[in-house]
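Encoded as structure tokens, the structure appears first; notes follow it.
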Ligand SMILES: Cc1cc2nc3c(=O)[nH]c(=O)nc-3n(C[C@H](O)[C@H](O)[C@H](O)COP(=O)(O)OP(=O)(O)OC[C@H]3O[C@@H](n4cnc5c(N)ncnc54)[C@H](O)[C@@H]3O)c2cc1C
């Protein structure tokens, strides 16, 4: 406690009173993310404005061995930013400036607290956008740290595929720059991509140069319903296998559609459904792709195929899809929930979907199966009564079986939400001896274990 008080006193010399807080209500806002993982209060929250302030904070905390947990927008769903060992939360939300738009290179350089939806509104004026598209309005720092992905990943890749250079503050306060603005890079070890996906456990990202994409000229969407989730999943495999490059390809089971239909603007048949979007530089190419997609859907007994969805309707569709998590929470109001996230190679996707749907049925789970099908990713959202330890155990047992299934199918325990707290138990099975190399990296970069301790590696 004396050490912590000493650190807080030193932080008070770095931050003016309005950018450091020990107030319980503020600490509580930084105690949990959007998951059901247990909340933990930090001891202090600070809001840096500059890299120098981040560096000074880490120097002080590292000398005293006090935990520091970076915080973006707090929208994680695997417990990633919960300060489980207390200490200081480094809230980067006020480092939110766009530093440079390199429009001729399709790049942008930003501070980590920049919210990606706000950034995309500004970039739209330049005809550009940052493609990784998680549902929530996440910060760029949080997206980098979790290697977030979303409905556009099938065409444009995850956050990891769209970053060129970083500024990172190490645990001891040193500031380093990784990568460059060149899209081709072959110089030295790839430190940029080491920090991406490290969930704030190896360093604090204070600046990032990202790749952008031009906003496509011609876009078309289609919605197709199928008799079973297995039919929908087979269709996904065939669409990708045909070399069609959807810019979004989402699978929703019948329960997810029922929940979606609570939106007064949406009314789909309650059947397993694919939401698809295709883009091209001209109308003819787009029409050709849509005709092929229709054929593939019909080969898989599609019950309906609605293409040429207009601009306004398309916006409504994606808005509803993006808010489906919150809509589920409202639909199953008062229930606790567990969100699953796993990913497999696309050839194994139909097996993952069919077997997960069967597992849900066999284990009596209430909830939905939905996901970014085009890149082999699926989520489960399982609801169970609160304060019911047995029901929670059953939900956890289902999640374990679901993740184990994905690993058996040559996949991964998390396609996009990260390890956080919930996926640590699968790390040994998934990574084998490589896990020890990860531990060595952690010890090298953060020997005192101050950066977001208790995350990614259970024993960090
Ligand atoms: C409704 C909803 C829908 C979602 N949909 C998706 C989806 O489709 N795809 C997806 O991938 N995720 C999704 N998510 C999860 C979440 O939005 C992403 O994981 C997102 O990247 C988290 O960003 P954040 O800014 O909220 O980060 P936080 O939750 O604040 O932090 C995330 C992690 O990053 C670390 N961190 C934050 N900033 C920095 C920094 N500057 N330097 C180093 N470490 C840092 C934190 O310590 C933590 O470990 C969804 C969440 C919700 C609530």
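In our numbering, the protein residues as written are 874 to 1333.
For each residue, glycine too, the CB sits at the ideal point set by N, CA and C.
The stretch 928 to 944 contacting the stretch 1299 to 1313, beta-carbon criterion three pairs below 8 Å
Because the criterion of three Cβ pairs below 8 Å is not met, the stretch 928 to 944 and the stretch 1299 to 1313 do not touch.
Taking 8 Å as the threshold, find out whether the stretch 1055 to 1066 comes into contact with the stretch 1030 to 1040 through three or more Cβ pairs.
Touching, yes.
Am I right that residue 1081 and residue 1017 are in contact with their C-beta atoms under 8 Å? What's the rounded C-beta distance?
Translated into the one-based positions of the chain shown, residue 1081 becomes position 208. Translated into the one-based positions of the chain shown, residue 1017 becomes position 144. In this structure residue 1081 touches residue 1017 by the C-beta definition: roughly 6 Å separates them, less than 8 Å.
Restricting to Cα atoms, I'd like to know which of 1192, 1024, 919 is closest to residue 1137.
Here the question's residue 1137 lines up with position 264 in the chain shown. It is 1192 whose Cα lies nearest to the Cα of residue 1137.
By how many angstroms is the C-alpha of residue 1257 removed from the C-alpha of residue 958?
Within the chain shown, the letter at position 85 stands for residue 958. Within the chain shown, the letter at position 384 stands for residue 1257. Their Cα atoms are separated by approximately 28 Å.
If you compare alpha carbons, which of 1095, 1197, 1325, 983 is closest to residue 956?
Numbered from its first residue, the chain shown carries residue 956 at position 83. Residue 1325 is the option with its Cα nearest to residue 956.
Close beta carbons around residue 999, own chain, < 8 Å, minus the five adjacent residues each side
Here residue 999 is taken as the residue at index 126 of the chain shown, counted from 1. Correct list, in chain order: 974, 976.
Using a threshold of 7 Å, is the CB atom of residue 1205 nearer than that to any non-hydrogen atom of ligand 1?
Taking the chain shown and counting its residues from 1, one reaches residue 1205 at position 332. The answer is no for residue 1205.
Would you decide whether residue 1114 is buried or exposed? Buried here means 16 or more other CB atoms lie within 10 Å of its CB.
Position 241 of the chain shown holds residue 1114. Counting Cβ neighbours within 10 Å, residue 1114 comes out exposed, since fewer than 16 surround it.
Report the option in 1143, 1209, 1261, 934 whose CA atom is closest to the CA atom of residue 1100.
Along the chain shown, read from residue 1 onward, the residue named residue 1100 stands at position 227. Comparing Cα positions, the closest option is 1143.
What are the start and end residues of the beta strand (DSSP E) that includes residue 1171?
Within the chain shown, residue 1171 is the residue found at index 298, counting from 1. Under the DSSP assignment, residue 1171 falls outside any beta strand (DSSP E), being part of the alpha helix (DSSP H) whose first and last residues are 1156 to 1172.
Segments assigned alpha helix (DSSP H), at least 4 residues, entirely inside the stretch 1065 to 1135
Secondary structure remark: continuous alpha helix (DSSP H) runs of at least 4 residues inside the stretch 1065 to 1135, in chain order: 1102 to 1114, 1127 to 1133.
Would you mind giving the Cβ-Cβ distance between residue 1329 and residue 1074, rounded to the nearest angstrom? I have them listed as a contact below 8 Å.
Counting from 1 along the chain shown, the entry for residue 1329 is found at position 456. Counting from 1 along the chain shown, the entry for residue 1074 is found at position 201. Rounded to the nearest angstrom, the Cβ distance from residue 1329 to residue 1074 is 5 Å, consistent with a contact under 8 Å.
So who's on the other strand from residue 1214, going by DSSP bridges?
By 1-based counting over the chain shown, the position of residue 1214 is 341. Beta-bridge analysis with DSSP links residue 1214 to 1252.
Roughly how many whole angstroms lie between the Cα atoms of residue 904 and residue 912?
Counted from its first residue, the chain shown places residue 904 at position 31. Counted from its first residue, the chain shown places residue 912 at position 39. Just so you know, the alpha carbons of residue 904 and residue 912 end up roughly 5 Å apart.
Does the Cβ-Cβ distance between residue 1121 and residue 1025 come in under 8 Å?
Here residue 1121 refers to the residue found at position 248 of the chain shown. Here residue 1025 refers to the residue found at position 152 of the chain shown. Contact: yes.
C-beta contact flag for residue 1291 and residue 953 at 8 Å
Within the chain shown, the letter at position 418 stands for residue 1291. Within the chain shown, the letter at position 80 stands for residue 953. It is a contact, given that the beta carbons lie within the stated cut-off.
Can you give me the Cβ contacts of residue 1007 inside the same chain, cut-off strictly under 6 Å, excluding the 5 residues immediately before and after it?
Mapped onto the chain shown, residue 1007 falls at position 134. Taking residue 1007 as the centre and dropping the five residues before and after it, the same chain places the C-beta of 1021, 1023 closer than 6 Å to its C-beta, in chain order.
CB-CB under 6 Å to residue 1098, same chain, minus the five flanking residues each way: which ones, in chain order?
Looking up residue 1098 in the chain shown gives position 225. Result list for residue 1098: 1142, 1144, 1146, 1176, 1177, in chain order.
Residue 980: first and last residue of the uninterrupted beta strand (DSSP E) it sits in
Within the chain shown, the letter at position 107 stands for residue 980. Per DSSP, residue 980 is one residue of the beta strand (DSSP E) stretching across 980 to 983.
Which two residues bound the contiguous alpha helix (DSSP H) that contains residue 1195?
The residue you call residue 1195 lines up with position 322 of the chain shown. It spans 1184 to 1195 - the alpha helix (DSSP H) in which residue 1195 sits, taken as one unbroken run.
Three-way DSSP call (helix, strand, coil) for residue 1323 in this model:
Residue mapping note: residue 1323 aligns to position 450 of the chain shown, counting from 1. The answer is coil: DSSP assigns residue 1323 none of H, G, I, E or B.
Buried or exposed for residue 935, please, with buried defined as at least 16 other CB atoms from any protein chain shown within 10 angstroms of its CB.
Taking the first residue of the chain shown as position 1, residue 935 is located at position 62. By the neighbour-count rule (16 or more Cβ atoms within 10 Å), residue 935 is buried.
Of the residues 1215, 895, 1049, the one placed nearest residue 1279, counting alpha carbons only:
Reading the chain shown from its first residue, position 406 is the one you call residue 1279. Out of 1215, 895, 1049, 1215 has the C-alpha closest to the C-alpha of residue 1279.
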